[in-house]
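Residue numbering for the sequence shown follows numbering that gives the first Met the number 0, starting at 0 and increasing by one per position.
All C-beta atoms in this analysis are idealised placements derived from N, C-alpha and C, irrespective of residue type, glycine included.
Report on the structure given below.
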Amino acid sequence: MLTRIKHILIKEFIELWRDKWGRFRLIVPPMLQMLLFGYAATFEVYHVSTIVLDLDHTQESRELISRFTSSNRLNIVDVARSRRDVTDAIDTSNAAVALVIDAGFASLLRKGQQAPLQVILDGTNSNSALIALGYVNTIAGRYAQDYGADLARRVGGLQGMRQIQVTLEQRPWYNEDLNGRWFFVPGVIGTLTLVIVVNLTAFAIVREREVGTLEQIMVTPIRPAEFILGKTIPFFVVGLGEVALIAGAGILWFGVPFVGNPFILLLGTALYLLSTLALGLLISTVCSTQQQAFATNFFVLNPFFILSGFSFPIASMPQVLQWFTYLNPLRYFLIIIRGTFLKGVGLDVLWPQLVALAVLATVLLTISILRFRKALD
Numbered sequence: 000m001l002t003r004i005k006h007i008l009i010k011e012f013i014e015l016w017r018d019k020w021g022r023f024r025l026i027v028p029p030m031l032q033m034l035l036f037g038y039a040a041t042f043e044v045y046h047v048s049t050i051v052l053d054l055d056h057t058q059e060s061r062e063l064i065s066r067f068t069s070s071n072r073l074n075i076v077d078v079a080r081s082r083r084d085v086t087d088a089i090d091t092s093n094a095a096v097a098l099v100i101d102a103g104f105a106s107l108l109r110k111g112q113q114a115p116l117q118v119i120l121d122g123t124n125s126n127s128a129l130i131a132l133g134y135v136n137t138i139a140g141r142y143a144q145d146y147g148a149d150l151a152r153r154v155g156g157l158q159g160m161r162q163i164q165v166t167l168e169q170r171p172w173y174n175e176d177l178n179g180r181w182f183f184v185p186g187v188i189g190t191l192t193l194v195i196v197v198n199l200t201a202f203a204i205v206r207e208r209e210v211g212t213l214e215q216i217m218v219t220p221i222r223p224a225e226f227i228l229g230k231t232i233p234f235f236v237v238g239l240g241e242v243a244l245i246a247g248a249g250i251l252w253f254g255v256p257f258v259g260n261p262f263i264l265l266l267g268t269a270l271y272l273l274s275t276l277a278l279g280l281l282i283s284t285v286c287s288t289q290q291q292a293f294a295t296n297f298f299v300l301n302p303f304f305i306l307s308g309f310s311f312p313i314a315s316m317p318q319v320l321q322w323f324t325y326l327n328p329l330r331y332f333l334i335i336i337r338g339t340f341l342k343g344v345g346l347d348v349l350w351p352q353l354v355a356l357a358v359l360a361t362v363l364l365t366i367s368i369l370r371f372r373k374a375l376d
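Now the structure itself:
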């Protein structure tokens, strides 16, 4: 048995080595995608195009505008002269945010009263609009606090402190600078591994069937289980190499820290790879051509990505979709890889995800092997 599996393994590694284009696909595209996702995938919003309409023309209004100008979150692209200019800028998408300071703004501040600042948002992209509004609230809140403290010093501490103010002190854990890349890069590792391993497994076996070599192999003394082991073990090794390659790029290039136990990450990665290998094997049993495998991969991998929590919070999904996420191995692996990379948590925290991956891997492998044997018959 071991001898037959050994020959299959040697055959698979020789094929991988001879396929120069295949080696290129295993190294260059994942690295490029890591760089692309690492720089492009983020919830942070910078340089939001902003137009300002100052109807007060006072020192206070100019000071407030300077606060927005000095921030890298907002980019003042124009200064409007009328409300019509604001409407045109929003309608033509030249500006996503408009700040309107009405006349009398400074007069109300000097009296210690609330002075309104109108914020007009282009709600076409609701996510960016809400984030930009949060930035405006933060900047305006700091200005109001500073102005109130300054007014209190000038008038004896009474007029400027009429309202009780609560100052929030942030204390982020695990990611003190709130760097969005530290969240996305570990997720990219899991996502790219899913795509690469499933494609390798599905296409390799379908290609054997398509060119007719699968039938030739099965007339030899090798058993179906031995063939499956010999066919999938090389891809398991390749998957480990891909994880190491992509994770190394994330750590070295983007500076993502790894503070956890590497053995726990290795255990989670192994269970995750077994699940993805089983998924690729299952796809190979229902497809007879590489074109069918490509279409099936697209149909399967996209929902796995969306329902993983990589970029869309699972808690925000409808309840029915949240139930489906429990069948997604990427969901559990993202918790493991982010927990080990950023938090340094151990088995006492991650054991539910490890158990879930082990169950999924066992079930998927069993179904895939049974389905593969049926397809051979």
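For PRO233, which of LEU266, LEU199, VAL96 has the nearest alpha-carbon?
As a working note, residue 233 is residue 234 in the sequence shown. Looking at the Cα atoms, LEU199 is the closest of the given residues.
Look up LEU270 in the DSSP assignment and say whether it is helix, strand or coil.
Counting from one through the sequence shown, the residue named residue 270 turns up at place 271. In the structure shown, the three-state DSSP call for LEU270 is helix.
Assigned exposure category for PHE262 - 16 Cβ within 10 Å defines buried
Taking the first residue of the sequence shown as 1, we reach residue 262 at position 263. PHE262 comes out exposed.
First and last residue of the uninterrupted beta strand (DSSP E) at GLN117:
On the sequence shown, residue 117 is found 118 positions in, with the first residue counted as 1. It spans 117–120 - the beta strand (DSSP E) in which GLN117 sits, taken as one unbroken run.
Distance, ASN178 Cα to ALA151 Cα:
One-based indexing of the sequence shown puts residue 151 at position 152. One-based indexing of the sequence shown puts residue 178 at position 179. Distance between the alpha carbons of ALA151 and ASN178 is about 36 Å.
Start and end residues, alpha helix (DSSP H) containing ALA88:
Within the sequence shown, the letter at position 89 stands for residue 88. Element bounds for ALA88: 82–90.
ASN136, DSSP secondary structure in three states:
Against the sequence shown, residue 136 aligns to sequence position 137. Helix.
Boundaries (first-last residue) of the alpha helix (DSSP H) holding VAL319
Taking the first residue of the sequence shown as position 1, residue 319 is located at position 320. In this chain, the alpha helix (DSSP H) harbouring VAL319 covers 318–324.
Please say whether ILE188 and ILE245 have beta carbons closer to each other than 7 Å?
The residue you call residue 245 lines up with position 246 of the sequence shown. The residue you call residue 188 lines up with position 189 of the sequence shown. Yes.
Which of helix, strand or coil does DSSP assign to ASP176?
Taking the first residue of the sequence shown as position 1, residue 176 is located at position 177. Looking at ASP176 - three-state DSSP - the assignment turns out to be coil, as it is neither helix nor strand.
Using CA coordinates, which residue listed in VAL44, GLY267, ARG170 is at the minimum distance from SER125?
Position 126 of the sequence shown, counted from the start, is the residue given in the question as residue 125. The shortest Cα separation from SER125 among VAL44, GLY267, ARG170 belongs to VAL44.
Mind checking who ASP77 pairs with in its DSSP beta bridge?
As a working note, residue 77 is residue 78 in the sequence shown. Within the DSSP secondary-structure output, ASP77 pairs in a beta bridge with ILE50.
State the CB to CB distance for the pair PHE340 and GLY259, rounded to an integer number of angstroms; the pair is presumed to be in contact (CB under 8 Å).
If you number the sequence shown from 1, residue 340 lands on position 341. If you number the sequence shown from 1, residue 259 lands on position 260. Contact flag correct, Cβ pair sits at about 6 Å.
Drop a sphere of 10 angstroms on the beta-carbon of VAL285, count the other beta-carbons inside from all chains shown, and report buried for 16 or more, exposed for fewer.
Translated into the one-based positions of the sequence shown, residue 285 becomes position 286. Result: exposed.
Residue of LEU193, ILE366, GLN113 minimising C-alpha distance to GLY147:
Along the sequence shown, one-based indexing puts residue 147 at 148. Among LEU193, ILE366, GLN113, the Cα nearest to that of GLY147 is on GLN113.
Within a Cβ cutoff of 8 Å, which residues of the same chain sit near ASN71, ignoring the five residues on either side of it in sequence?
Taking the sequence shown and counting its residues from 1, the one referred to as residue 71 is at position 72. Correct list, in chain order: TYR45, HIS46.
Identify the residues that DSSP records as bridge partners of VAL99: which are they?
By 1-based counting over the sequence shown, the position of residue 99 is 100. According to DSSP, residue pairing for VAL99 in a beta bridge involves LEU52, GLN117.
Alpha carbons only, please: which of ILE334, ALA357, LEU356, THR68 is nearest the one belonging to VAL348?
One-based indexing of the sequence shown puts residue 348 at position 349. Of the candidates ILE334, ALA357, LEU356, THR68, the residue whose Cα lies closest to the Cα of VAL348 is ILE334.
Distance, Cα to Cα, VAL299 vs THR91?
Against the sequence shown, residue 299 aligns to sequence position 300. Against the sequence shown, residue 91 aligns to sequence position 92. Note on geometry: alpha-carbon atoms of VAL299 and THR91 lie some 39 Å from one another.
Under 7 Å, do GLY279 and ALA201 count as touching if we go by C-beta distance?
Start at 1 with the first residue of the sequence shown, and residue 279 comes out as number 280. Start at 1 with the first residue of the sequence shown, and residue 201 comes out as number 202. Yes, the pair counts as a contact, with Cβ atoms nearer than the cut-off.
Since ILE305 is in the alpha helix (DSSP H), which residue starts that stretch and which ends it?
Taking the sequence shown and counting its residues from 1, the one referred to as residue 305 is at position 306. Start and end: 289–305.
Is the number of C-beta pairs between the stretch 26–40 and the stretch 77–90 that are closer than 8 Å three or more?
The answer is no - the stretch 77–90 does not touch the stretch 26–40, with fewer than three Cβ pairs under 8 Å.
For GLN144, three-class secondary structure by DSSP
By 1-based counting over the sequence shown, the position of residue 144 is 145. Helix, per DSSP.
Delimiting residues of the alpha helix (DSSP H) encompassing PHE332:
Within the sequence shown, numbered from 1, the residue matching residue 332 stands at position 333. Under the DSSP assignment, PHE332 falls in the alpha helix (DSSP H) whose first and last residues are 328–337.
Exposed or buried, which one is ASN296 when buried takes at least 16 other CB atoms within 10 Å?
Locating residue 296 in the sequence shown gives position 297, counting from the first residue. Counting the other Cβ atoms within 10 Å of the Cβ of ASN296 gives 16 or more, which makes it buried.
State the Cα-Cα distance for the pair THR377 and ARG206, rounded to the nearest angstrom.
Residue 377 falls outside the range modelled here, since the chain spans only 0 to 376, and no answer is possible.
Which of helix, strand or coil does DSSP assign to TYR38?
To locate residue 38, count along the sequence shown from 1; it is residue 39. TYR38: helix per DSSP, three-state reduction.
Residues of its chain near ILE163, where Cβ-Cβ distance is below 7 Å and the 5 sequence neighbours each way are ignored:
Looking up residue 163 in the sequence shown gives position 164. No answer about ILE163 holds up, because its pLDDT of 47 lies below 50 and its placement is not dependable.
ALA102 and ASP55 - do their beta-carbons sit closer together than 7 Å?
Residue 55 sits at position 56 when you count from the first residue of the sequence shown. Residue 102 sits at position 103 when you count from the first residue of the sequence shown. Yes; because the gap between Cβ atoms is below 7 Å, this pair is in contact.
Collapsed DSSP secondary structure at PRO256 in the structure displayed:
Numbered from 1 along the sequence shown, position 257 holds the residue referred to as residue 256. For PRO256, the secondary structure class from DSSP, reduced to helix, strand or coil, is coil.
Assuming ALA97 and LEU132 make a contact with CB atoms under 8 Å, what is their CB distance in whole Å?
Within the sequence shown, the letter at position 98 stands for residue 97. Within the sequence shown, the letter at position 133 stands for residue 132. Between LEU132 and ALA97 the Cβ distance is about 12 Å, and since that is not below 8 Å, they are no contact.
Please tell me whether ASN328 and SER274 are closer than 7 Å, where the distance is taken between their beta carbons.
By 1-based counting over the sequence shown, the position of residue 328 is 329. By 1-based counting over the sequence shown, the position of residue 274 is 275. Residue identity check: residue 328 is Pro in the sequence provided, not Asn. Cβ atoms of PRO328 and SER274: closer than 7 Å.
Helix, strand or coil for VAL236? Go by DSSP, reduced to three states.
The residue labelled residue 236 in the question sits at position 237 within the sequence shown. Looking at VAL236 - three-state DSSP - the assignment turns out to be helix.
Whole angstroms are fine: how far does the CA of LYS110 sit from the CA of ARG83?
As a position in the sequence shown, residue 83 is number 84, starting the count at 1. As a position in the sequence shown, residue 110 is number 111, starting the count at 1. Going from the Cα of ARG83 to the Cα of LYS110 covers about 30 Å.
Could you check whether GLN352 and TYR331 sit closer than 7 Å to each other, using their CB atoms as the reference points?
Here residue 331 corresponds to residue number 332 of the sequence shown, with the count starting at 1. Here residue 352 corresponds to residue number 353 of the sequence shown, with the count starting at 1. GLN352 is positioned such that its CB atom lies closer than 7 Å to that of TYR331.
May I have the straight-line CA-CA distance separating ALA105 from GLU59, to the nearest angstrom?
Indexing the sequence shown from 1 puts residue 105 at position 106. Indexing the sequence shown from 1 puts residue 59 at position 60. If you take the alpha carbons of ALA105 and GLU59, they lie about 6 Å apart.
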